[in-house]
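Trainee:
2 protein chains.
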Amino acid sequence: MADLEFIRKLVIQAQTKIVFLVMDGLGGLPMQEGGPTELEAARRPNLDALASRSVCGCSVPIAAGITPGSGPGHLAMFGYDPCRYIIGRGVLEALGIDFDLQPQDVAGRGNFCSVDAAGNITDRRAGRIPTEMCVQLSARLNEQVRLPGVQLFVRPVKEHRFVLVLRGERLAGDLSESDPQQLGVPPLAIHPLDETRDRAASQRTADLVNAFAGQARQVLATHHPANMVLLRGLDKRPALPSMQEVFGLRPAAIAVYPMYRGLAKLVGMTALPSGTKLADEFDTLERAWPEHDFFYLHFKYTDSRGEDGDFQAKVAMIEEFDGYIPRVLDLKPDVVVVTGDHSTPAALLSHSWHPVPTLLYSRCCRSDDVARFTERACVHGGLGIFPATDLMPLALANAQRLTKFGA
Amino acid sequence: MADLEFIRKLVIQAQTKIVFLVMDGLGGLPMQEGGPTELEAARRPNLDALASRSVCGCSVPIAAGITPGSGPGHLAMFGYDPCRYIIGRGVLEALGIDFDLQPQDVAGRGNFCSVDAAGNITDRRAGRIPTEMCVQLSARLNEQVRLPGVQLFVRPVKEHRFVLVLRGERLAGDLSESDPQQLGVPPLAIHPLDETRDRAASQRTADLVNAFAGQARQVLATHHPANMVLLRGLDKRPALPSMQEVFGLRPAAIAVYPMYRGLAKLVGMTALPSGTKLADEFDTLERAWPEHDFFYLHFKYTDSRGEDGDFQAKVAMIEEFDGYIPRVLDLKPDVVVVTGDHSTPAALLSHSWHPVPTLLYSRCCRSDDVARFTERACVHGGLGIFPATDLMPLALANAQRLTKFGA
Numbered sequence: 043m044a045d046l047e048f049i050r051k052l053v054i055q056a057q058t059k060i061v062f063l064v065m066d067g068l069g070g071l072p073m074q075e076g077g078p079t080e081l082e083a084a085r086r087p088n089l090d091a092l093a094s095r096s097v098c099g100c101s102v103p104i105a106a107g108i109t110p111g112s113g114p115g116h117l118a119m120f121g122y123d124p125c126r127y128i129i130g131r132g133v134l135e136a137l138g139i140d141f142d143l144q145p146q147d148v149a150g151r152g153n154f155c156s157v158d159a160a161g162n163i164t165d166r167r168a169g170r171i172p173t174e175m176c177v178q179l180s181a182r183l184n185e186q187v188r189l190p191g192v193q194l195f196v197r198p199v200k201e202h203r204f205v206l207v208l209r210g211e212r213l214a215g216d217l218s219e220s221d222p223q224q225l226g227v228p229p230l231a232i233h234p235l236d237e238t239r240d241r242a243a244s245q246r247t248a249d250l251v252n253a254f255a256g257q258a259r260q261v262l263a264t265h266h267p268a269n270m271v272l273l274r275g276l277d278k279r280p281a282l283p284s285m286q287e288v289f290g291l292r293p294a295a296i297a298v299y300p301m302y303r304g305l306a307k308l309v310g311m312t313a314l315p316s317g318t319k320l321a322d323e324f325d326t327l328e329r330a331w332p333e334h335d336f337f338y339l340h341f342k343y344t345d346s347r348g349e350d351g352d353f354q355a356k357v358a359m360i361e362e363f364d365g366y367i368p369r370v371l372d373l374k375p376d377v378v379v380v381t382g383d384h385s386t387p388a389a390l391l392s393h394s395w396h397p398v399p400t401l402l403y404s405r406c407c408r409s410d411d412v413a414r415f416t417e418r419a420c421v422h423g424g425l426g427i428f429p430a431t432d433l434m435p436l437a438l439a440n441a442q443r444l445t446k447f448g449a
Numbered sequence: 043m044a045d046l047e048f049i050r051k052l053v054i055q056a057q058t059k060i061v062f063l064v065m066d067g068l069g070g071l072p073m074q075e076g077g078p079t080e081l082e083a084a085r086r087p088n089l090d091a092l093a094s095r096s097v098c099g100c101s102v103p104i105a106a107g108i109t110p111g112s113g114p115g116h117l118a119m120f121g122y123d124p125c126r127y128i129i130g131r132g133v134l135e136a137l138g139i140d141f142d143l144q145p146q147d148v149a150g151r152g153n154f155c156s157v158d159a160a161g162n163i164t165d166r167r168a169g170r171i172p173t174e175m176c177v178q179l180s181a182r183l184n185e186q187v188r189l190p191g192v193q194l195f196v197r198p199v200k201e202h203r204f205v206l207v208l209r210g211e212r213l214a215g216d217l218s219e220s221d222p223q224q225l226g227v228p229p230l231a232i233h234p235l236d237e238t239r240d241r242a243a244s245q246r247t248a249d250l251v252n253a254f255a256g257q258a259r260q261v262l263a264t265h266h267p268a269n270m271v272l273l274r275g276l277d278k279r280p281a282l283p284s285m286q287e288v289f290g291l292r293p294a295a296i297a298v299y300p301m302y303r304g305l306a307k308l309v310g311m312t313a314l315p316s317g318t319k320l321a322d323e324f325d326t327l328e329r330a331w332p333e334h335d336f337f338y339l340h341f342k343y344t345d346s347r348g349e350d351g352d353f354q355a356k357v358a359m360i361e362e363f364d365g366y367i368p369r370v371l372d373l374k375p376d377v378v379v380v381t382g383d384h385s386t387p388a389a390l391l392s393h394s395w396h397p398v399p400t401l402l403y404s405r406c407c408r409s410d411d412v413a414r415f416t417e418r419a420c421v422h423g424g425l426g427i428f429p430a431t432d433l434m435p436l437a438l439a440n441a442q443r444l445t446k447f448g449a
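Chains as they are written, first to last, in this note's numbering: chain A, 43 to 449; chain B, 43 to 449.
Structure, rendered in structure tokens:
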């Protein structure tokens, strides 16, 4: 992969427009040996037609055998080295509830849990309390816990999950977690991890988080089963150079789920109002067309149905998406990429390491022999099996947005 | 390639089993343009059947154009960067004679050579003395040479070749060689090479080795043509993290030749008693099946026949190996890899740089269109042309032994 600094030096301005159509968890597997994958089973006349005009390949989000979380999967697709820019779990959760995280904030993922009179954990998820109770108790913590010198935000997520954000001067991330991952022992004290640079700030932040946990236990004392908290993934958001700076683009994100909107904002995209349905997203694309030159359009439900293990439903999602391709082409984009941030085979009910079928269309893409947009066919494409971080440089090149390297 | 530390953090425990079937020097070439390679010429019904259920590719052991020795070829296959972990020639020779090399030992490869009265070399291999003489003279050196503060082992290899091992405190490797690679000059004094860290230990070790050479000349004075020694490849064995630590496996090696057993032990494998024939090796695999979860089974003779330049004999070796594939599948392994540590085309009579045909089978491997296990066919596989170091992460992923990277 060419690094961002290398690319940045080659970027030139152009009037061209790039669209990334991202079906989350696109890649799949057969349900039984010899069967079709979800993509192979789907009717996909528009994707196939576009594939036959495109250069195709299979993208590797992180490295061979590595299953990406949504954070690293997206960063790679946007051209950022996912092993260099690490997004903590707390940050991801905060993005997921549309919390407006500032660069200096430290965010952590919290669980309500149950402890006995001795303070030993009896249930790490507090019996998965209903979300309404999570909302109530989060509000209570938000009001009643006070920490010296920092602002504190406790925000509910779902069931037993909440987000804790500390805001103030000289906070540092990269802290250990308090969840001992077992029962019958008390929560662990949080401490700075070795990698941290500013030791004093890390220690101060750890102390504050430990103080939060101590006060939370008092506030929650009478609220069994949710009478204590566990905290993990405490970190700041990574300092990412923006797509404007690096790629010279005016980028926009079209995504329904807050987490993906948040990820896009991390790299400097404008998150456009995107409605709730796929049709809304394509409406947004058409409406915002004049205002931006890079569009990331995210479709969540290919991944969701994969995680459900519902092969047929994932097939239906792909078919639904296929139907919108002509609307994109009608906008006359200079570059269209269709890909996913990772694979989510229904057969595995989870994200997986398998490369992601990908096409890139432009007038100068040098199309290959691939005429079917499937895992099996894309292996033979002109992009080969390639790192996902190559997609942005390729898209920019096809959009005439990169100049020559060297004389 | 994801590095070992990165992989280690993602490893999770599972009950799954992985088998690496390694035909040494597997890849080949046509004997004349347009002809078949050894694999193409072989009847390989079982390999082809497995390939069609597998994901295939061509592995690159080191880098494009680089011909690997057995050491780096194996390290890469086992997931270790072969350019970072260097195995000295002395260490490799020691492993090859099944010498129980300790982490602090310095091992060197020795040659008996001939010198004239002035001490100038007249034959760098002492006329390739018979092995029996090598055995006798090695024993004599082993008994009669004494060095202060260190134990010394001289062990015969074959013809003019022996192994020297020094054992003691504060020895250091990475020394120069005494073989000037020409006649009419005396052996060179050995000195530390620049890269060495502990300069005092290196100098002491060099002094000891030079003292060994001096005494050896006296002991051998009346044994012309073998009246002197040349030493090279003096080094310690590399400090490799074990496969248990890094990959969380209980790994076992099934190999007939000591060198391959030794290489496997370097990465923490248990070298199982493996008999002398291929049938013995598969018997061992079946017998040891419950005790381990990673098996490396090594077949030497594809390489040997390639180095002989005997195309038909290499074809026969491949066909013999093919016959054992069903016995492996009967064990119901979760992951089967068939590969080689490098190519050894009979046409070249030596190791070569060519990528190695490779298949990986698992229930979730996402099989490709490849239905023939040949060099030509594997190029089109779903693994593409890939670094051999990717094999271990891929095998672990397919064995459900790696968790997700990032949230």
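A virtual CB, placed ideally from N, CA and C, is assigned to each residue, including glycine.
Whose Cβ in chain B lies nearer than 8 Å to the Cβ of Gly275 of chain A?
Mentor: Translated into positions along the first sequence, residue 275 of chain A becomes position 233. Neighbours of Gly275 of chain A on chain B, chain order: Ala449.
Trainee: Roughly how many angstroms separate the alpha carbons of Leu230 of chain A and Met119 of chain B, rounded to a whole number?
Mentor: Position 188 of the first sequence holds residue 230 of chain A. Position 77 of the second sequence holds residue 119 of chain B. Each residue's Cα considered, the two are about 40 Å apart.
Trainee: Any C-beta of chain A within less than 9 Å: which residues of the segment 421 to 436 of chain B qualify?
Mentor: From the segment 421 to 436 of chain B, only His422, Gly423, Gly424, Leu425, Gly426, Ile427, Phe428, Pro429, Thr431, Asp432, Leu433, Met434, Pro435 and Leu436 have a Cβ closer than 9 Å to chain A.
Trainee: For a contact defined as C-beta to C-beta under 7 Å, what are the partners of Lys319 of chain B on chain A?
Mentor: By one-based count along the second sequence, residue 319 of chain B stands at place 277. Within chain A, no residue comes near Lys319 of chain B; the closest Cβ sits about 33 Å away, beyond 7 Å.
Trainee: Given Gly215 of chain B, which residues of its chain have a CB within under 7 Å of its CB, disregarding the five upstream and five downstream residues?
Mentor: The residue given as residue 215 of chain B occupies position 173 in the second sequence. Closer than 7 Å at the Cβ level, and outside the excluded window around Gly215 of chain B, lie Gly130, Val148, Leu276, Asp277 and Lys278.
Trainee: So, does the CB of Lys200 of chain B fall closer than 8 Å to a CB anywhere in chain A?
Mentor: Indexing the second sequence from 1 puts residue 200 of chain B at position 158. So, not an interface residue.
Trainee: My assumption, with CB atoms under 8 Å, is that Ala84 of chain A sits in contact with Glu361 of chain A. Please give the rounded CB distance.
Mentor: As a first step, residue 84 of chain A must be located in the first sequence, where it is residue number 42. As a first step, residue 361 of chain A must be located in the first sequence, where it is residue number 319. 5 Å between Cβ atoms; contact.
Trainee: For the segment 150 to 165 of chain A against the segment 101 to 117 of chain A, are there 3 or more C-beta pairs whose distance is under 8 Å?
Mentor: No contact exists between the segment 150 to 165 of chain A and the segment 101 to 117 of chain A.
Trainee: For Val157 of chain B, name the three-state secondary structure that DSSP assigns.
Mentor: Position 115 of the second sequence holds residue 157 of chain B. Val157 of chain B: strand per DSSP, three-state reduction.
Trainee: Whether or not the segment 60 to 72 of chain A and the segment 327 to 341 of chain A are in contact is what I'm after, with contact meaning three or more pairs of Cβ atoms, one per stretch, closer than 8 Å; do they touch?
Mentor: Verdict: yes, contact present.
Trainee: Check whether the segment 234 to 253 of chain B and the segment 94 to 109 of chain B are in contact - that is, three or more C-beta pairs closer than 8 Å.
Mentor: Not touching, per the Cβ criterion.
Trainee: For Lys446 of chain A, is the beta carbon positioned less than 7 Å from some heavy atom of the ligand COA?
Mentor: For the ligand COA, the structure offers nothing, since it holds no ligand at all.
Trainee: Contact criterion: CB-CB distance below 8 Å. Does Pro124 of chain A meet it with respect to chain B?
Mentor: Taking the first residue of the first sequence as 1, we reach residue 124 of chain A at position 82. At least one chain B Cβ lies under 8 Å of Pro124 of chain A.
Trainee: Quick one: measure Cβ to Cβ for Leu235 of chain B and Leu217 of chain B, integer angstroms, because I've assumed they're closer than 8 Å.
Mentor: Counted from its first residue, the second sequence places residue 235 of chain B at position 193. Counted from its first residue, the second sequence places residue 217 of chain B at position 175. The pair is a contact, with the Cβ atoms about 6 Å apart (cut-off 8 Å).
Trainee: Looking only at its own chain, which residues have a Cβ that is under 6 Å from the Cβ of Asp90 of chain B, when we skip the five neighbours before and after it?
Mentor: In the second sequence, the residue the question calls residue 90 of chain B occupies position 48. Within the same chain, Asp90 of chain B has close Cβ partners Arg414 and Phe415.
Trainee: Hey, is Glu349 of chain A's beta-carbon within less than 8 Å of any beta-carbon in chain B?
Mentor: What you label residue 349 of chain A is simply residue 307 of the first sequence in a count that begins at 1. So no, Glu349 of chain A is outside the interface.
Trainee: Under 8 Å between C-beta atoms, does Cys100 of chain B make it to chain A?
Mentor: In the second sequence, the residue the question calls residue 100 of chain B occupies position 58. By this cut-off, Cys100 of chain B is not an interface position.
Trainee: Check this for me: beta carbons of Ala306 of chain A and Ala295 of chain A, under 8 Å apart or not?
Mentor: On the first sequence, residue 306 of chain A is found 264 positions in, with the first residue counted as 1. On the first sequence, residue 295 of chain A is found 253 positions in, with the first residue counted as 1. A contact, by the Cβ cut-off of 8 Å.
Trainee: How far does the alpha helix (DSSP H) with Asp345 of chain B in it extend, from its first residue to its last?
Mentor: In the second sequence, the residue the question calls residue 345 of chain B occupies position 303. Per DSSP, Asp345 of chain B belongs to the alpha helix (DSSP H) from Tyr343 to Asp350.
Trainee: If Ile108 of chain A sits next to Phe289 of chain B, beta carbons under 8 Å apart, how far is it from one beta carbon to the other, in whole angstroms?
Mentor: Sequence index remark: in the first sequence, residue 108 of chain A carries index 66 (1-based). Sequence index remark: in the second sequence, residue 289 of chain B carries index 247 (1-based). With a Cβ gap of about 14 Å, Ile108 of chain A and Phe289 of chain B do not count as contacting.
Trainee: Look at the alpha carbon of Leu444 of chain A and the alpha carbon of Gly426 of chain A, and state the distance between them as a whole number of angstroms.
Mentor: Along the first sequence, one-based indexing puts residue 444 of chain A at 402. Along the first sequence, one-based indexing puts residue 426 of chain A at 384. One C-alpha to the other measures close to 22 Å.
Trainee: Step through the CB atoms of chain E and report whether any lies within less than 8 Å of the CB of Ala106 of chain A.
Mentor: This model lacks chain E altogether; the protein chains it does include are A and B.
Trainee: Give me the chain A residues within the contact set of Asp411 of chain B, using Cβ-Cβ distance strictly less than 7 Å, ordered along the chain.
Mentor: For the purposes of this step, residue 411 of chain B is taken as the residue at position 369 of the second sequence. Correct list: Arg418.
Trainee: Against chain B, which members of the segment 387 to 412 of chain A pass a CB distance test of less than 9 Å?
Mentor: Answer in chain order: Pro387, Ala389, Leu390, Ser392, His393, Ser394, Trp395, His396 and Pro397.
Trainee: What's the C-alpha gap between Val205 of chain A and Gln224 of chain A?
Mentor: Locating residue 205 of chain A in the first sequence gives position 163, where the first residue counts as 1. Locating residue 224 of chain A in the first sequence gives position 182, where the first residue counts as 1. Spanning the two alpha carbons is a distance of roughly 21 Å.
Trainee: Given a cut-off of 8 Å, decide if Asp66 of chain A and Gly317 of chain A are closer than it, judged by their beta-carbon atoms.
Mentor: As a working mapping, residue 317 of chain A is identified with position 275 in the first sequence. As a working mapping, residue 66 of chain A is identified with position 24 in the first sequence. It is not a contact, given that the beta carbons lie outside the stated cut-off.
Trainee: First and last residue of the alpha helix (DSSP H) that includes Met175 of chain B?
Mentor: Working through the second sequence from its first residue, we reach residue 175 of chain B at position 133. Thr173 to Gln186 is the extent of the alpha helix (DSSP H) around Met175 of chain B.
Trainee: Establish whether the CB of Pro114 of chain A and some CB of chain B are separated by less than 8 Å.
Mentor: Indexing the first sequence from 1 puts residue 114 of chain A at position 72. Cβ-Cβ to chain B under 8 Å: yes for Pro114 of chain A.
Trainee: With respect to the alpha helix (DSSP H) encompassing Ile360 of chain B, which residues constitute its N-terminal and C-terminal limits?
Mentor: Residue 360 of chain B sits at position 318 when you count from the first residue of the second sequence. Where Ile360 of chain B is concerned, the enclosing alpha helix (DSSP H) stretches over Phe353 to Asp364.
Trainee: Alpha carbon to alpha carbon, how far is Asp142 of chain B from Ser180 of chain B? Give it in angstroms, no decimals.
Mentor: Looking up residue 180 of chain B in the second sequence gives position 138. Looking up residue 142 of chain B in the second sequence gives position 100. Taking the straight line joining both Cα atoms gives about 17 Å.
Trainee: Are any of the Cβ atoms in chain B nearer than 8 Å to that of Arg131 of chain A?
Mentor: Locating residue 131 of chain A in the first sequence gives position 89, where the first residue counts as 1. Yes, Arg131 of chain A lies at the interface with chain B (some Cβ there is under 8 Å from its Cβ).
Trainee: Just mark Leu391 of chain B as buried or exposed, buried being the case when its beta carbon has 16 or more other beta carbons within 10 Å.
Mentor: Position 349 of the second sequence, counted from the start, is the residue given in the question as residue 391 of chain B. The residue in question, Leu391 of chain B, is exposed, as its Cβ has fewer than 16 Cβ neighbours within 10 Å.
Trainee: Could you check whether Leu402 of chain B and Leu436 of chain B sit closer than 8 Å to each other, using their CB atoms as the reference points?
Mentor: Residue mapping note: residue 436 of chain B aligns to position 394 of the second sequence, counting from 1. Residue mapping note: residue 402 of chain B aligns to position 360 of the second sequence, counting from 1. Going by C-beta atoms, Leu436 of chain B is nearer than 8 Å to Leu402 of chain B.
Trainee: Considering only residues of the same chain and omitting the five flanking positions on each side of Met311 of chain B, which have a CB-CB separation below 7 Å?
Mentor: The residue you call residue 311 of chain B lines up with position 269 of the second sequence. Once the five neighbours on either side are set aside, the close Cβ partners of Met311 of chain B are Met285, Pro293, Ala294, Ala295 and Tyr338.
Trainee: Taking 8 Å as the CB-CB limit, is Arg212 of chain B close to chain A?
Mentor: Position 170 of the second sequence, counting from 1, holds the residue named residue 212 of chain B. Closer than 8 Å: no.
Trainee: Do Arg203 of chain A and Asn252 of chain A come within 8 Å of each other at the CB atom, strictly closer than that value?
Mentor: Taking the first residue of the first sequence as 1, we reach residue 252 of chain A at position 210. Taking the first residue of the first sequence as 1, we reach residue 203 of chain A at position 161. No. Outside cutoff.
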